[in-house]
Amino acid sequence: MITVKAGGLVAPWIEWEKRCTDGRRLLEAGTYALTEGAIAAGCRVFAGYPITPATDIAEYMSKRLPQVGGYYVQCEDELAGMHACAGASLGGLKAMTATSGPGYTLMHDAYGWSITNEIPLVVVDAMRVGPISGITGAPGQGEFYIARYASHGGNFETIVVSPSSVQEAFWLTIDAFNLSERFRTPVTILTDQVISDMWEDLFIPADYDGLDFVRPRKHNLMMPFYPVGDASIDVPPNVIGHGTGVCVSAYTHTEEGYDIEEMEAQWAQTYRLVNKIRHHKDELARYETFGLDDAEVVAVAYGANARTVKTGVLEARRRGVKAGFVRLVTLWPFLDELFERDCRFVVCELNYDGQLVREVQRAAPHKKDVHFMGKSAELHTVSEVAAGLDGVARSNRLPELPYIWTEVR
Amino acid sequence: MADATFSNATQVLEPFRGIKKVTIEEYFTSGHRTCQGCESALIMKLMVKAAGPRTIVLGSTGCMYVANTTYYTTPWVVPWMHTQLGSSGSAALGTAAGLKALMKKGKMKAESINVIAFCGDGGGADMGLNGISATLTHKDYNCLILLYDNESYANTDIQLSGMTPYGANTTFSPPGKVIRNIHTRWKKNMAGMMAAGHPECRYVATVCGSYAVEMMNKVRRALTIGGPTFIHSLDPCPKGWDYDPMLSHEMGELAIETGLFPLYEVEDGVVKYYGKTKALIEGRKRKPVREYLLKQGRFAHFTEEDLGYFQAKVDEMWEKWEIPAVIPFRRLDASKAALEVK
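Sequences listed follow chains A and B, in order.
Reading the first sequence from the start, the letters are residues 1 to 409 in my numbering.
Reading the second sequence from the start, the letters are residues 410 to 751 in my numbering.
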């Protein structure tokens, strides 16, 4: 359970920003911020494959990593890229890969492997509109569920976060590395084409070595592979071959890493994989809200889309609608507590099938009070959001708007 | 098994004897958005000209796929399919199997329909290698895989691929003051690998767009022989290689005259060199590789040391390999063998 703080942003980097006074102000792209964030967080291996709109991350990495003594590896595809990152992380270095939707689906084999073996690493997915290749230069939000169920077989939880500005992309990348180290699991940064290609004001600390909020890689050199049947997370990641037993296996394994086909071992392993995240949701909650105190209708969004939706909420307030706003930064584990309030919700997302809205419907007390404004390949406009909030506040119905889908079945 | 006994329809595509005998019909026409001086577009055009109208072209994402169906324009006259990255070999196999099944059931006239998978070096030699390799083991289906090798990921703006030559400047391997050559891996030997490792593949060839008639004849030969076949084409790319677009043909010629890219065909295990490569085998002197390298901006940072290394690797390919420029096997020389016995 988390306690919802109404008003403002809830995230660790609010503190970090206050502590970092010495630095540079730049006009830079989201991909640059993601790269620099990773370097600041201590990432020293990048293995990946070019794909629009995440190619720039690989290009920046190929330039930056040799400068800081890191390794840039170009792989033959995304599957190999993520496996190489998992290998690098097991070898003792922090690793990251970056891709877009088509590559993200290819990575899922390696993603599951990293989850079950508790390998910390960070994956950036710059979402573009789909399905499949879609349009390379248009934003989408189609990987909300895929990022949650990033592997087959069930019995796991994932951590997924999403930035909504270039500056936030920088801090959130550091945060994602911290979370992956702490929770010993891959973390997905679900950004989109707008955030990754957008150029914006960016503050970067002058000295990365002095950042005391970066969680260093502490090696678990003489401890079990993981504490079986325990949801505690205060066990640092392993380095393969250093007191961890000899195996790293995708099969259900013992704490030494050996394959085992016994139900008790299966139960113990999956208890940990699920509960190490569920039991520590309070550490994972990052979100932004405003106007919740008196809100009758609340707009919900994430990523680039949240920017226009937020302005739409302000516009609705100016028109006299008691509107509120929720922006999710942590997408998974899903923050149900934010929606456990007696009001109407308008969920704005960049897809026609409705993904985030289904989770809000599940978490909200009344399903009929949750409305869907789906748009494809383009951000919502301020007037669309204001009109939608106005309609829902008046009659609990969304007005008909061109190119906006409202039906969720 | 009925499946095994139902054989593929066969055809005989006679080689064009001279440029004047080449058919006039085009199946890859205007309407594409490739760069000026693009050799890959030329290869596409020649390939489908050689194959004729009863052809299906398919392949995985690459610069030639994005450039050929943008905004309701397409140069294709024959059916064309853009598959996911890395799937060209498998998609060709499936298409050929589908056609064969329809013909076997009598739902379609039994005739030769050419299935050609056209894939880039990223989609073919890197990501799609497993699919192509598996397809070349299925002798029951007729499909030709043509790898167009422009030595980079040209679709996403010139990144490194497994086929990028040593030291080349790409957006993933920018030369710097401290490290001059970021890319230090030698290029894969695709045609040699395919020929050596696929006993069911009866025909493997290398071609270059600078020699158009010969290129078309190799395509015709592959389609006549049938079964799974493979052709590797070296396509100079003005954008990725950084040279004046009018020099595309010259780049192709230089790659062959310097011995960097050999022209040969392997039919039923027999290696046959052709064109200028044949002359090199017969004793004509190879041009120094610097003539080829220094004409391209991507090697502008090369020093004498790099040029020397490059030349030595090419010399090794011609002088040390058991089958020169084709397969990098060497016999243990007799004196060494004697030592090892002791």
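The beta carbon of each residue, even a glycine, is placed where N, CA and C say it ideally should be.
Check                                                                                                        : Outcome
B:Y652 in three-state terms, based on DSSP                                                                   : coil
Range of the contiguous alpha helix (DSSP H) that encloses A:S383                                            : 382-395
Test: A:D109 CB closer than 8 Å to a CB of chain D                                                           : Note that chain D does not occur in the displayed structure, where the protein chains are A and B.
C-alpha gap between A:T105 and B:E623, whole angstroms                                                       : 42 Å
Reduced DSSP secondary structure (H/G/I, E/B, other) of B:W730                                               : coil
Cβ shell of B:A534 (< 8 Å), same chain only, five flanking positions each side left out                      : L556, D558, S570, G571, M572, K597, M599
Per-residue contacts from A:E415 into chain B (C-beta, under 8 Å)                                            : No answer is possible for residue 415 of chain A: it lies beyond the span of chain A, which begins at 1 and ends at 409.
A:K218, buried or exposed, once every other Cβ within 10 Å from all chains shown has been counted against 16 : exposed
Any chain B beta carbon closer than 8 Å to A:P186                                                            : no
8 Å Cβ cutoff met for B:Y436 and B:V475                                                                      : no
B:L643 (DSSP reduced to helix, strand or coil)                                                               : strand
A:E400 in three-state terms, based on DSSP                                                                   : coil
A:L273 to A:E157 span [Cα, whole Å]                                                                          : 7 Å
Distance, A:A323 Cα to B:S582 Cα                                                                             : 51 Å
CB of A:L172 within 8 Å of CB of A:E28, strictly                                                             : no
Cβ shell of A:A38 (< 6 Å), same chain only, five flanking positions each side left out                       : M96, T173
B:M536: contacting residues in chain A (beta-carbon distance under 7 Å)                                      : E76, D77
Helix, strand or coil at A:F339 according to DSSP, with G and I counted as helix                             : helix
Below-8 Å beta-carbon distance, A:K410 vs any chain B residue                                                : Look at the range of chain A in this structure, 1 to 409, and you will see that residue 410 of chain A is not part of it.
Neighbour flag for A:S133 against chain B, beta carbons, 8 Å                                                 : yes
Assigned secondary structure, A:H219 (DSSP; H/G/I helix, E/B strand, else coil)                              : coil
Exposure label - B:Q445; buried when at least 16 CB within 10 Å                                              : exposed
A:A80 versus B:R426 - alpha carbon distance                                                                  : 46 Å
Entirely enclosed beta strand (DSSP E) segments - the stretch 7-32 of chain A, minimum 3 residues            : 8-10, 23-29
Beta-carbon proximity of B:L502 to B:T544, cut-off 8 Å                                                       : yes
Distance between B:Y673 and B:S561 (C-alpha atoms, nearest Å)                                                : 23 Å
Rounded distance between the beta-carbons of B:P637 and B:H547, thought under 8 Å                            : 6 Å
Alpha-carbon to alpha-carbon, B:L669 and B:K722                                                              : 9 Å
Beta carbon proximity, A:P236 to chain B, threshold 8 Å                                                      : no
Host beta strand (DSSP E) of B:E676 (start-end)                                                              : 673-676
Whole-number beta carbon distance between A:V300 and A:V392, since they are thought to touch under 8 Å       : About 12 Å; that fails the 8 Å criterion.
Exposure label - B:D724; buried when at least 16 CB within 10 Å                                              : exposed
Residue from B:F415, B:G532, B:S542, B:K729 with nearest C-alpha to B:K514                                   : B:F415
Cβ neighbour criterion (16 or more within 10 Å) applied to B:A411                                            : Because B:A411 sits at a pLDDT of 46, beneath the cut-off of 50, its placement in the model cannot be relied upon, and the following sentence gives the value as read from the coordinates. B:A411 comes out exposed.
Reduced DSSP secondary structure (H/G/I, E/B, other) of B:A411                                               : Note that B:A411 has pLDDT 46, beneath the 50 cutoff, so the model's placement of it is unreliable and the number below is only indicative. Reduced to three states, the DSSP call for B:A411 is helix.
Three-state secondary structure (DSSP) of A:P102                                                             : helix
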